[in-house]
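Quick notes on the structure that follows.
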Amino acid sequence: DNSDYTLVYVNILTGITHQIRITMQSVGHPLVSDDRYLPRDQAFSDLRWCPRNFLVEVRSDFFDVGGPHAEPLRRKYTRVSIENPLPAHFQEVLTKKLQLKEVLDPTADLFVGPQYWAIGDVELLSAYPKDDEFRKKVMRWGQR
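Letter by letter, the sequence shown follows residues 6 to 149 in this note's numbering.
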């Protein structure tokens, strides 16, 4: 398989089920090994080199309403951030199965909400606008 892929860092605004998977598929670039949104033969082909859907939450930020502040109105400002490393099987896919061709823009906007690593087709970022209005309306994209 001579396909090119792009590792994207995605920030979402809501916790809608399958938000990332549906959006990536709707723009014509479903996630690697996504057995729900890829054609079955492509999903099986991907599974030979990537053991599962390449989507993982690596950071989650939220406000702890039961935070340490005695003042109830201040509790909403107690921000909690939890980070997880990329799982070993995904690190192996990146280091042993794929070859880095190009490093794109390494910046990503950060804000409250779950953040994920996802891998998809390289055409994703070149096919869609990168202006701020698009990012505000849909998702925030960035490569790391």
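Ideal Cβ placement from N, Cα and C applies to all residues, glycine included.
Could you check where the alpha helix (DSSP H) with R45 kicks off and where it finishes? 45-52
Inter-residue spacing [alpha-carbon to alpha-carbon] between V61 and L91: 7 Å
Going by beta carbon distance, what residues of the same chain come within less than 7 Å of D39, once the five residues before and after it are set aside? Around D39: R26, A48, N58.
Pairwise C-alpha distance: L12 and L52: 17 Å
Quick check on the burial criterion: 16 or more other C-beta atoms within 10 angstroms. Buried or exposed for S86? exposed
Hey, would you say D9 sits closer than 8 Å to K102, going by beta carbons? no
Consult DSSP for I25 and reduce its assignment to one of helix, strand or coil. helix
Run of the alpha helix (DSSP H) containing F95, from where it starts to where it stops: 93-97
Among R41, D66, S50, which one has its Cα closest to the Cα of R84? D66
Cβ neighbours of F95 in the same chain (closer than 7 Å, five flanking residues each side left out): F59, V61
DSSP state of S31 mapped onto helix, strand, coil: helix
Quick one: measure Cβ to Cβ for Q30 and Y42, integer angstroms, because I've assumed they're closer than 8 Å. 4 Å
Cβ distance (whole Å) where V15 is taken to contact C55 below 8 Å: Not a contact, Cβ separation roughly 17 Å.
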